[in-house]
Structures are given as structure tokens and as C-alpha cells.
Amino acid sequence: MDSIDRAIVDLNREYAALHTEKEELFWTTKMGITREYAAFNDAENALQAFRQDAARLSRVRALAAEAKTDAQRATLAGWIRFFECGVIEDPAAQREAAETVELESTIAKARGALPLAWTHPETGEPVRASSVALALKVASDPDERVRKAAFHGLESIETFALQSGFLDLVRRRNRFARRLGYADYYDWKVSTTEGFDKKTLFALLDDLEARTREAGRRRVEAVRAAHGDGALAAWNFRFHTQGDVLRELDPYFRFDDALSRWGRSFTALGIRFEGALLQLDLIVRDGKYENGFCHAPEVPYEDATGRVRARVNFTSTAVPGQVGSGKRAAETLFHEGGHAAHFANMLMGAPCFSQEFAPTSAAFAETQSMFCDSLLADADWMARYALDRDGRPAPWEVVEKATRLTQDNEVVHLRNLLTVCYAEKAIYEIPEAELSADRIMAEIHRVERALNFIDRCPRPTLAVPHLLAGESSCIYHGYVLALGGVAQTRAFFEQRDGYLTDNPNIGPTLREKYWRPGNSITFTDYLARLTGSPFSFDALVADVSRTADEAVVDQRERLARAAERPRPRGPVDLDLTLRMVHGAEVLATTETATFEEVAARYADWVRSLEPKKPA
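Everything in the sequence shown is counted per numbering that gives the first Met the number 0, starting at 0 for the first residue and increasing by one.
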């Protein structure tokens, strides 16, 4: 091992140790296993200090000038990009960054302890519920009074944020970004994660918003025509656009079958995890973070000392027995499982290529997860995997109804995502002297009305947890760009192979074209690398602009083509070690059982949590 390789190995190990310590504490605090917020703060600050160390950047540049091999040059180029995204030479900005992390931790601690509830319309008593349970009630409860109460429960998160430091957080984030020469915090965030500035981003989003505006307006007017003006209330809109379908699909998206279904489907797609250890915590509980996420305490890389395999955690907050919870569990497994596959399959010369923050593109990361969860809406996937307890697929009438509603709501979903982007943009553009709770809510309400054509979003914007956390604030545009990436990726595979469900060529193609190089390639270049065409929203606009009748025809054609293909056989093979956990408790693991045995044990446990039906 020469001196350059030794320096790379030392740098890799130093970063990996800091990364793992921070991510272990992230998991235990977010899962409510511990309350070590001070230790997490310290670990986060230590990791940020590493990222922001100008001396390390200078040293890496000097090493790059002496590199002797292509592998050394490629690895050191990655470290240079990594440090250039993080180095803060201004001491005042360094202090702002550290104080911001401390404030974020304080808010996170308070948010984790916040009791959420809805007021029972009959008794007037508060009923405790997580934000996930409240959102499910808004979408599916047949009693409008309950839906309204649940919506007000979600609004209480906004009140909490405004009273618990969010204004100061916005102020500090902007001061930090402006000290570094950016227009504001959003400009800094997008510039470091995507490689282009806020102005460039919103030129793309403005075009997409304009091209989908009339389709969005037509959908809202159609709901008004079908159900009356009352349907446009925030607590009614989702119920009238998806509540019935959630209930009708519920027997076919059983929560207890979710893990088995995920394993079988990913196996058939040729997706493997390259020896990674995955830890999954899927059930809601008090004190647990109320949004799904995927983080990797150990990220993969290969240097002169050998290969490091990934260790990945992901979570959801599903509620056993509640309508829609099984579908939500499936979406989490495919979405976060897509992230996990992406992380596990990266293989470059240093961990800087496979960690999830800048210069890793949020848009590209979300393209992987959203591509995987997009399969759940395909009729051929449902015919093979969405089965009731007797092994029967959903009747075509239910699939058709779901297809029509999904198609009609695609533009609504897209514009809901755009709402968060434009709301955060507006918040960080408020002059500091004018920053107040009333001004923030006025900007949010303005954006919600303009983008959604109703008074409020069904999910109040400031209740979205991403806005409070440093690692997830000002990245919602990643979901929007990813929708474009998903549409373009799906179109590529359908054109090349003719189908998506159980296509064994998908996993190997994604591994080689999308996953292996980590963050060494930009989002737009990755899309071109796979599809042979520049990134474009054209496929997405075409998808959301289709009529429901056209979408139904597409689904029938998928079913017809699938009938001609054999069904996959054999055991689940994901090349991973799996642990199913609930907080600190390990429920089942492939360290002592097969995947199928783990899935069966987990299914029994999930069923034990479901409310007992009256005899």
C-alpha cells in the first residue's frame, strides 16, 4: 500500500466512524429508544466539523495532485467534491451552523414529546393519535366530524412549530447561507445537493406548474361537481378522492403479508442487497418519529483494505388494523426498500460517495425509491401480489376504480409536492424584519390556495416533518424532480423490455447504470446514462395529462401481457441479513431463520396487534 492509498484509508476510516456514531444516535433517538439528544448533537456537530474542515480540503487537493492511479484520482475527486459542499471558512458561519444544529435538536426533542389528538365529536374528549393515524382518518373516516377533528389535530403541529423555535430556525438558516454568499437557505441547500441554484430549479418547476395547472384545476372542479362545495374542505377532499378505494383495496393489501410480498417482488425484479444488514421498524408507537425514512449507519465502499458492506435502517409508522395501513406498509417497504437497495449497491473507493447528504442528489435518491413504489399501482403487479387471505386478487372492477382515481389524482399529488417547494421558497424569502408567525402562515396559505385551488392542503404544509429537520428541509423539490425521473425510467424499461412487474433485468440494470457510481454522477447525467436521453418532464406531463379511460386501457394491456409470462418460483433471495424490530426488541431475523420464516413470524405479530373484531 503506497502513501496515497494509506492516506485514503485513514480518511475513509475517520469519516466512517463519525458517520456511524451520528447515524446510530439518529436511529435510537428518532425511534424513541433513547433520549440521548445531547449525544446526538455532539455527534452531529463532530460530523459537520469534519465536513466543514478547510484543512482537510487542502490536504485532499494536495494528495490529488500526487495521485498515481486512476482509482486514486477518482476517489480523491470524490472527497474534494464532498469537502467543497461542506467547508465553511467563515468563523461566524461555523458558529451559526453549530447553533442551528442545536436548535434543530431542541425542536426535534419537543416534537417527539408533543401529544397529538383529535376531539371526539360525541364526547368532546381528546383521542390520542399519531400524525399518521390523523392523516389516515382525514383520508378514510366516513364521519365528516371525525375527519375535521383529525385535520385540526394535524394543524396543531403547525401551531407547535411556530411556538417552538421555527421562526428562529428560519432566521439562523438564512443568516448562515447568506454568510456563505447564497441568496438564502433554500439557495444554499439546492446548490449543494443538486449542483444548480434556486433560480435554475424554480425555472424548471415554474414550467412544470404551468403545464399541469389546468389539469389540476379540472380535477378540483370535477370533485366539486360530483360531491358539492363541501368536498373542497381540506378534511373532505382526500376522502372524496380516495377514501372508498382505500377501503375496497384494504383486504388485498394486507399488512400481515406486506413483508413477504416485498421480498418476493424484489427477488423477481433481480434486486439484491449485496450482503447488507437491514433493520426495519414499521409500527407506530409513542415517541417514535412520525415519518418513514431510510438511513445507513454504515455505507459501502471498497479501498485498499477491502470492501465494507452496508448496514441500513428504515422505518414507517403503520397502524395495524386501520384502513389503509397495509397499503401504507407496502408503500414504505417498496419506497424505503428502494433507497436501501440504492445505498447497498454503491461501490466506489470511499464512503463519501455513498452517504446521503451533499453532494448526493436528493432528486436522484428519490428516483430510486419512487420507481420501486410506483410498481404497486400497476394492474399486473396487483394481480400477482395484492391478494386476499384466500389468495384471490382484487376484482377487475376494484382495480379499474383504483386506476381511475389514481389517474385523476396524479396531478393533485404532483401539485401537493410542488406546494411544499413553493411554500419553503416563500418562507426563506421573507425579509428578516418581516418574519413572524402570521407572515409565515399567510405565505403558506397563499401557496396552498394557488397550487391546489382549495383553501388548505389536506396535509397542512407546516405539519410536514421535513421542514423542521436540517437534513430534510428544502429538499422536497427532490420528490418532484424524481417524479420526472421515475416517469422517464419507467418509459425506458417498458420500451426496452415490454414490462416492469417481475422483470429480472431491472435490478442488474439499475445496479450498473444507476447505483454503482454513488454520487460521482449528477442527477441529470444519470438519467441520460440509463435512458440515452436528457432529463425532461415530458414523460411526467404526459402521464398526469392522460385521461382515466386511457389509463384503464394501459392497465388492461399490462394484464394481458402478464398472462403470457410465467410467474417466478423459488425462495426469496435478496442477499441480505434482515432484522425486524420494534424499538429495541428484535422480533425476527434471518440470522437464525429463512426470510420466509421471518416474514411468517412478523405476520403473526402484526395480526396480534390488530383490534379484535366483535364476535
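Using N, Cα and C, we set each Cβ at its ideal position, and we do this for glycine too.
Between the Cα of residue i and those of the options, spot the shortest distance and give me the residue it belongs to.
{"i": "residue 511", "options": "302, 562, 346, 245", "result": "346"}
{"i": "residue 324", "options": "531, 129, 538", "result": "129"}
{"i": "residue 591", "options": "577, 400, 60", "result": "577"}
{"i": "residue 300", "options": "87, 516, 106", "result": "516"}
{"i": "residue 519", "options": "54, 9, 35, 72", "result": "72"}
{"i": "residue 375", "options": "232, 328, 607, 46", "result": "328"}
{"i": "residue 120", "options": "149, 584, 99, 98", "result": "149"}
{"i": "residue 534", "options": "485, 563, 548", "result": "485"}
{"i": "residue 100", "options": "563, 37, 340", "result": "37"}
{"i": "residue 21", "options": "44, 0, 8, 34", "result": "44"}
{"i": "residue 370", "options": "141, 7, 526, 125", "result": "526"}
{"i": "residue 41", "options": "78, 102, 63", "result": "102"}
{"i": "residue 524", "options": "422, 363, 95", "result": "363"}
{"i": "residue 47", "options": "23, 94, 70", "result": "94"}
{"i": "residue 407", "options": "332, 66, 214", "result": "214"}
{"i": "residue 494", "options": "470, 469, 531", "result": "531"}
Along the beta strand (DSSP E) that carries residue i, what are the first and last residues, could you check?
{"i": "residue 579", "result": "575-581"}
{"i": "residue 306", "result": "305-307"}
{"i": "residue 350", "result": "Taken as a continuous stretch (DSSP letters only), residue 350 belongs to no beta strand (DSSP E), as it is neither H nor E."}
{"i": "residue 519", "result": "Taken as a continuous stretch (DSSP letters only), residue 519 belongs to no beta strand (DSSP E), as it is neither H nor E."}
{"i": "residue 458", "result": "Residue 458 -> no beta strand (DSSP E), and no H or E assigned at all."}
{"i": "residue 317", "result": "310-317"}
{"i": "residue 300", "result": "300-302"}
{"i": "residue 117", "result": "116-118"}
{"i": "residue 90", "result": "Segment 90-111 is the alpha helix (DSSP H) holding residue 90; no beta strand (DSSP E) there."}
{"i": "residue 296", "result": "292-297"}
{"i": "residue 125", "result": "125-127"}
Which residues bound the alpha helix (DSSP H) around residue i?
{"i": "residue 235", "result": "233-237"}
{"i": "residue 265", "result": "257-267"}
{"i": "residue 157", "result": "143-162"}
{"i": "residue 204", "result": "197-226"}
{"i": "residue 356", "result": "Where residue 356 is concerned, there is no enclosing alpha helix (DSSP H), given that its DSSP letter is neither H nor E."}
{"i": "residue 488", "result": "476-496"}
{"i": "residue 18", "result": "2-29"}
{"i": "residue 371", "result": "361-373"}
{"i": "residue 584", "result": "Premise fails: residue 584 lies in the beta strand (DSSP E), 584-588, not in any alpha helix (DSSP H)."}
{"i": "residue 276", "result": "Where residue 276 is concerned, there is no enclosing alpha helix (DSSP H), although the beta strand (DSSP E) it sits in stretches over 275-282."}
{"i": "residue 420", "result": "395-427"}
{"i": "residue 335", "result": "324-344"}
{"i": "residue 552", "result": "547-562"}
{"i": "residue 505", "result": "505-509"}
{"i": "residue 499", "result": "Where residue 499 is concerned, there is no enclosing alpha helix (DSSP H), given that its DSSP letter is neither H nor E."}
{"i": "residue 599", "result": "594-608"}
{"i": "residue 191", "result": "184-193"}
{"i": "residue 438", "result": "436-451"}
For residue i, collect the residues of the same chain with a Cβ closer than 7 Å to its Cβ; drop the 5 residues on either side in sequence, then sort them by chain order.
{"i": "residue 504", "result": "269, 496"}
{"i": "residue 557", "result": "377, 378, 379"}
{"i": "residue 425", "result": "442, 446"}
{"i": "residue 344", "result": "273, 510, 514, 515"}
{"i": "residue 139", "result": "238, 242, 245, 246, 322, 323"}
{"i": "residue 350", "result": "11, 14, 15, 18, 298, 300"}
{"i": "residue 260", "result": "329, 384"}
{"i": "residue 539", "result": "482, 483, 486"}
Who are the near neighbours of residue i in its chain, counting only those whose CB is closer than 8 Å to its CB and skipping five residues on each side?
{"i": "residue 13", "result": "49"}
{"i": "residue 159", "result": "109, 110, 113"}
{"i": "residue 96", "result": "47, 51, 87, 175"}
So, at 6 Å on beta carbons, what are the nonlocal neighbours of residue i in its own chain, with the 5 sequence-adjacent residues on each side left out?
{"i": "residue 253", "result": "325"}
{"i": "residue 330", "result": "372"}
{"i": "residue 295", "result": "309, 311, 342"}
{"i": "residue 53", "result": "86, 88"}
{"i": "residue 181", "result": "187"}
{"i": "residue 334", "result": "368, 372"}
{"i": "residue 358", "result": "80, 84, 518"}
{"i": "residue 154", "result": "459"}
{"i": "residue 293", "result": "313, 335, 338, 339"}
Residue i and residue j look like a contact to me (Cβ under 8 Å); what is the Cβ gap, rounded to whole Å?
{"i": "residue 4", "j": "residue 266", "result": "The Cβ separation is near 37 Å, so there is no contact."}
{"i": "residue 420", "j": "residue 463", "result": "Actually they do not touch by this definition, with Cβ atoms about 11 Å apart."}
{"i": "residue 280", "j": "residue 30", "result": "6 Å"}
{"i": "residue 529", "j": "residue 500", "result": "Contact doesn't hold; Cβ gap of about 19 Å is too wide."}
{"i": "residue 135", "j": "residue 411", "result": "Rounded, the Cβ-Cβ distance is 18 Å, inconsistent with contact."}
{"i": "residue 225", "j": "residue 402", "result": "Actually they are not in contact, since the Cβ atoms of residue 225 and residue 402 sit about 17 Å apart, beyond 8 Å."}
{"i": "residue 601", "j": "residue 587", "result": "5 Å"}
{"i": "residue 360", "j": "residue 521", "result": "7 Å"}
{"i": "residue 562", "j": "residue 166", "result": "With 8 Å as the limit, residue 562 and residue 166 do not qualify as a contact, their Cβ atoms being about 58 Å apart."}
{"i": "residue 409", "j": "residue 542", "result": "7 Å"}
Does chain D have any CB closer than 8 Å to the CB of residue i?
{"i": "residue 401", "result": "Of the protein chains in the structure, only one exists, and it is not chain D."}
| message | As an exercise, report each continuous beta strand (DSSP E) stretch of at least 3 residues that is fully enclosed by the region 46-72, in chain order. | response | Whole beta strand (DSSP E) segments, 3+ residues: zero.
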